[in-house]
Amino acid sequence: MKNIGKKIYQLCKVLFPINRSITGDGVRKTLDIIKEQLPHLVLHEVPTGTKCFDWIIPKEWNISDAYIIDPNGNKVVDFKENNLHVVGYSKSIDCIMDLEQLNDHLYSIPSNPAAVPYITSYYKETWGFCVSHNQRKKMVSGKYKVYIDSTLSDGSLTYAELLIPGEIKDEIFLSTYMCHPSMANNELSGPALTTFLAEYIQKIKKTRYSYRIIFIPETIGSIMYLSKHLKYLKENVVAGFNITCVGDNNTYSYLPSRRENSLSDKVALHVLEHSPLEYKKYSFLERGSDERQYCSPGIDLPICSVMRTKYAEYEEYHTSLDNLYYISGDGLSGAYDVYKKMIDLLENNYTYKCNILCEPQLGKRGLYPTTSTKETHEIVADQMNFLAYCDGSLDLIDIANIIKTPAWNLYDIINKFLEHGIISRVR
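Residues in the sequence shown are numbered consecutively from 1054, following our numbering.
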C-alpha cells in the first residue's frame, strides 16, 4: 500500500462513522474535518426554500437517535450501531405497532440478505427503517416500539469550495459529493481522494490553469451550484471531472461527457489507454451521478468521470457492505495516480510548432547520438516523431496518440527542445 493510499484511506476511516445526508450537521462536520487539511476551503450555506432552476432547497434534516424494540424488549435495530438503519430524511415517530404495520416501513434486500440497504425520501415526508433480510426474517409477530428522534426544519444546504488561481482564467473543475451516510466507496472515496488531489495541486509552484474544487451533496448540490454560477462556468471551465467511486481495487471505469469530445474525455482516455490496468468504457446513457447535471442540454460543461468500479455496477453499492473492507489503500492510490496524471497532462498539454525548416541539427546541440548505429533510430524515435508532427496544429495529446507513446514520455524531450529554441508554444 503506497503512502498516499494510506493517507486517503485514513481520512475515509475518520469520516466513515458520520451520518450525512443532503443537508444537516453531518455534512458540516465532514467539511470541517476536510477543512483541517485544506485551510482555504470556504463553506457556504444555501437557505431552505431557495429556488434552483426547477428545484427548491429542502428543509434541513438532523437525527440524534432511532431504534426498534421487539416484543421481548430487545433492541433489534439501532441507528447508533449503523446509521443506514434509518431511511434518510425520516420524520420523527414514537409509537407502538404490530409487525404487520411495521413491515410497511421496513426495507431489505432478499437477494442480498446480509446487506442493509441505503434508502432515502428527501422530497416526501415519511419514515422507515432499513434492515438486512436476515434480520427481517427473525422478527416475530407482536408489538414493536418504534422510535425516531429527528428534525425537519428550515435551515440550509451546506457545500464547500476551493479556488486555486493559475496563470490563466481558464479553469479545471473538480466536483465530488458527500451526502451519504456510512458507505466507503460510493461516498467517502471521492471527497477523500479529492482532498489529497487538491493538496497536490496547491503544491505546484504555479499552475497554468485555475482549479475550482467543490464538495457538494449529489444532485441538488450540483443543480444549486449551476443555478448560481452557470454563466461564469460556461465561460471559463475548459475541462473537469466528477470524482466518485475511486476506492476499490478493481479495474477502472470511464464515463464520458454527453458529447464525448471534450478535453476532459481526451485526457481521460489517453491516461487510461496507458494505464497498466484495463478499463471499461461506458456510454453516457449509463450516467447516474452529477454528470447528469453538468452535461445536461443548455449546461454542456466538459465533465466526465474516471472511477474504479462504476456506481451501481457492484453488489455492495448502496448497502452496508460498501464498507471500509470494500475499499483499500492500494485502490485509492491507483485512482489518485490516474487523476494526478490527468492533472499533469492538462498542465503540459500545449500546442507546439517547430521553429526550424526540415529536421533540426540535433547533434550539435547534444540531443542526438553523434555515432550512428542500428539502435540510433530506436533511441531517438520519440523525439524525432514528435518533431515530425510539431506543426502548430496538434497539441501534445494529439501527437502522443499519433506516435503511440504516453504523453508524459515526451515531457523531458519538450523541455529540452524549448530550452534550445527548437520549438515554441503556440497556445
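Note that beta-carbon positions come from the ideal geometry of N, C-alpha and C, so glycine has one too.
None of these values were measured; they are calculated from a predicted model.
Extent of the continuous alpha helix (DSSP H) to which residue i belongs
{"i": "residue 1388", "result": "1382-1401"}
{"i": "residue 1464", "result": "1464-1472"}
{"i": "residue 1321", "result": "1316-1326"}
{"i": "residue 1252", "result": "1242-1256"}
{"i": "residue 1190", "result": "1186-1191"}
{"i": "residue 1083", "result": "1078-1090"}
{"i": "residue 1152", "result": "1152-1156"}
C-alpha gap between residue i and residue j, whole angstroms
{"i": "residue 1287", "j": "residue 1253", "result": "26 Å"}
{"i": "residue 1178", "j": "residue 1154", "result": "18 Å"}
{"i": "residue 1340", "j": "residue 1285", "result": "25 Å"}
{"i": "residue 1255", "j": "residue 1443", "result": "31 Å"}
{"i": "residue 1374", "j": "residue 1136", "result": "13 Å"}
{"i": "residue 1471", "j": "residue 1451", "result": "19 Å"}
{"i": "residue 1091", "j": "residue 1220", "result": "21 Å"}
{"i": "residue 1271", "j": "residue 1076", "result": "11 Å"}
{"i": "residue 1236", "j": "residue 1316", "result": "31 Å"}
{"i": "residue 1233", "j": "residue 1396", "result": "27 Å"}
{"i": "residue 1134", "j": "residue 1163", "result": "22 Å"}
{"i": "residue 1196", "j": "residue 1086", "result": "42 Å"}
{"i": "residue 1263", "j": "residue 1296", "result": "18 Å"}
{"i": "residue 1399", "j": "residue 1320", "result": "7 Å"}
{"i": "residue 1409", "j": "residue 1419", "result": "17 Å"}
{"i": "residue 1129", "j": "residue 1345", "result": "39 Å"}
{"i": "residue 1428", "j": "residue 1354", "result": "With a pLDDT of only 48 at residue 1428, under 50, the local geometry of the prediction cannot be trusted, and the value read off the model is given with reservation. Rounded to the nearest angstrom, the two C-alpha atoms are 47 Å apart."}
{"i": "residue 1468", "j": "residue 1447", "result": "17 Å"}
{"i": "residue 1186", "j": "residue 1156", "result": "12 Å"}
{"i": "residue 1414", "j": "residue 1402", "result": "25 Å"}
{"i": "residue 1453", "j": "residue 1273", "result": "39 Å"}
{"i": "residue 1266", "j": "residue 1313", "result": "22 Å"}
{"i": "residue 1258", "j": "residue 1389", "result": "20 Å"}
{"i": "residue 1118", "j": "residue 1366", "result": "32 Å"}
N-terminal and C-terminal residue of the beta strand (DSSP E) that residue i is part of
{"i": "residue 1291", "result": "1290-1296"}
{"i": "residue 1065", "result": "Run containing residue 1065: none in the beta strand (DSSP E); it sits in the alpha helix (DSSP H), 1056-1068."}
{"i": "residue 1445", "result": "1444-1448"}
{"i": "residue 1476", "result": "1476-1478"}
{"i": "residue 1023", "result": "Since the first residue of the chain shown is 1054 and the last is 1480, residue 1023 is not available in this structure."}
{"i": "residue 1210", "result": "1209-1217"}
{"i": "residue 1305", "result": "1305-1308"}
Chain-order list of residues whose beta-carbon lies under 6 Å from that of residue i (same chain, five-residue window excluded)
{"i": "residue 1095", "result": "1214"}
{"i": "residue 1426", "result": "Note that residue 1426 scores a pLDDT of 47, beneath 50, so its modelled location is shaky; the value from the coordinates is reported in the next line. If we look at residue 1426 and ignore the five residues flanking it on each side, it has no Cβ neighbours."}
{"i": "residue 1172", "result": "1140, 1160 and 1183"}
{"i": "residue 1080", "result": "1073 and 1211"}
Own chain, CB closer than 7 Å to residue i, minus 5 neighbours either side, in chain order
{"i": "residue 1206", "result": "1112 and 1113"}
{"i": "residue 1275", "result": "1228, 1269, 1343, 1346 and 1347"}
{"i": "residue 1217", "result": "1254, 1255, 1260, 1263 and 1264"}
{"i": "residue 1056", "result": "none"}
{"i": "residue 1099", "result": "1110, 1209, 1210 and 1277"}
Option nearest residue i by Cα separation, candidates the options
{"i": "residue 1241", "options": "1065, 1436, 1441 and 1449", "result": "1065"}
{"i": "residue 1083", "options": "1071, 1281 and 1359", "result": "1071"}
{"i": "residue 1144", "options": "1269, 1164, 1175 and 1163", "result": "1175"}
{"i": "residue 1371", "options": "1165, 1336, 1120 and 1098", "result": "1165"}
{"i": "residue 1458", "options": "1473, 1478, 1337 and 1437", "result": "1437"}
{"i": "residue 1327", "options": "1119, 1126, 1461 and 1127", "result": "1461"}
{"i": "residue 1465", "options": "1435, 1121 and 1197", "result": "1435"}
{"i": "residue 1245", "options": "1384, 1098 and 1281", "result": "1384"}
{"i": "residue 1308", "options": "1292, 1291, 1377 and 1333", "result": "1333"}
{"i": "residue 1407", "options": "1439, 1238 and 1379", "result": "1439"}
{"i": "residue 1481", "options": "1248, 1124, 1479 and 1257", "result": "Missing from the structure shown is residue 1481; the chain here goes from 1054 to 1480 and no further."}
{"i": "residue 1298", "options": "1124, 1118, 1364 and 1209", "result": "1364"}
{"i": "residue 1053", "options": "1198, 1088, 1151 and 1098", "result": "With the chain covering only 1054 through 1480, there is no way to say anything about residue 1053."}
{"i": "residue 1073", "options": "1110, 1116 and 1226", "result": "1116"}
{"i": "residue 1125", "options": "1105, 1103, 1152 and 1108", "result": "1152"}
{"i": "residue 1369", "options": "1167, 1104 and 1351", "result": "1167"}
{"i": "residue 1433", "options": "1411, 1405, 1463 and 1449", "result": "1463"}
{"i": "residue 1103", "options": "1281, 1088, 1417 and 1118", "result": "1281"}
{"i": "residue 1222", "options": "1069, 1292, 1067 and 1352", "result": "1292"}
{"i": "residue 1404", "options": "1068, 1063, 1121 and 1480", "result": "1480"}
{"i": "residue 1416", "options": "1231, 1473 and 1279", "result": "1473"}
Residue i classed as buried or exposed, judged by whether at least 16 other C-beta atoms fall within 10 angstroms
{"i": "residue 1188", "result": "buried"}
{"i": "residue 1193", "result": "exposed"}
{"i": "residue 1394", "result": "buried"}
{"i": "residue 1336", "result": "exposed"}
{"i": "residue 1381", "result": "buried"}
{"i": "residue 1331", "result": "exposed"}
{"i": "residue 1060", "result": "buried"}
{"i": "residue 1338", "result": "exposed"}
Residues near residue i by beta carbon distance below 8 Å, same chain, minus five either side
{"i": "residue 1391", "result": "1305, 1324, 1325, 1328 and 1359"}
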